[in-house]
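full-length UniProt numbering numbers the first residue of the sequence shown as 1 and each following residue consecutively. Where a beta carbon is used, it is the ideal one built from N, C-alpha and C, also for glycine. Shown next, in structure tokens, is the structure this report addresses.
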Amino acid sequence: MRKLSFCVRPVKLFPPPLTGRITSFVDIIRPFFVLSRLRSIHLRITHYDRATSPLGEDELFALADAWPEVEVLRLELGKPLWSDPDYRNRPPIRPSVNCIARFALKCRDLKSLSLPAVELQDRNLWVDIPLGSQHGLRWLQLGCVLPLNYSHESLDASTQFLQHIFPSASINGLPDI
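Put into structure tokens, the structure is as follows:
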């Protein structure tokens with residue numbers, strides 16, 4: 001199998017476990033990790049509740065480790081989430097600019113990446129990234145830029161960083177500088 005598209009829709013059938021442990025998205029999709037040769041993955045998250053943790057940077061790296069040959073990765077949030085102002089302002093998938101670069105460097109064949117949001121950075125952009133690193137990503141789609149009250153310095157630094165790491169990429173979703 002080379003292509004997989006699925007929807008994560010956590011349903012509350014039972015009360016949260018007594019352990020107080022929060023379910024992570026990685027726990028939900030872990031059964032698909034055995035399909036390590038996947039090339040195209042579309043993951044849609046339609047519902048989110050306090051019993052499910054956000055898809056953070058560690059979880060994104062778990063996806064990179066599970067699917068190192070991925071060429072196309074599309075992570076999106078369904079309309080039920082975007083209609084709620086709490087999730088519009090703090091969506092459960094919002095990797096930093098640095099995380100996007102580190103994720104791509106783990107997935108050398110990645111050509112297209114679509115994410116619902118990105119956290120801008122103006123400092124520590126190069127943390128854990130060898131200077132001069134570049135990746136052949138061709139298309140990067142970012143749904144929204146956070147924080148909503150970002151500074152132009154943050155936007156400028158993040159944009160320049162992404163353009164350096166992905167010199168061949170069409171980057172969509174960042175406001176014009």
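Residues that S5 bridges to, as DSSP identifies them: H42
Pairwise C-alpha distance: F61 and N149: 27 Å
Within 8 Å, strictly: CB atoms of V118 and I129: no
Best match in E153, L146, D58, D122 for proximity to G173 [C-alpha to C-alpha]: L146
Euclidean distance between Cα positions of V72 and K3: 9 Å
Three-state class that DSSP yields for N124 in the structure shown: coil
Run of the beta strand (DSSP E) containing Q160, from where it starts to where it stops: Unbroken run through Q160 is the alpha helix (DSSP H), 152-165; no beta strand (DSSP E).
Simplified DSSP assignment, three categories, for I129: coil
Helix, strand or coil at E69 according to DSSP, with G and I counted as helix: coil
Inter-residue spacing [alpha-carbon to alpha-carbon] between L142 and V97: 11 Å
Spatial distance of P167 from K106 (CA atoms): 17 Å
Buried versus exposed, by CB contacts within 10 Å (16 or more), S158: buried
L115, buried or exposed, once every other Cβ within 10 Å from all chains shown has been counted against 16: buried
Cα-Cα separation between D109 and H152, rounded to whole angstroms: 32 Å
Span of the beta strand (DSSP E) around L142: 139-142
Collapsed DSSP secondary structure at N98 in the structure displayed: helix
Beta carbon of L120 nearer than 8 Å to that of L75: no
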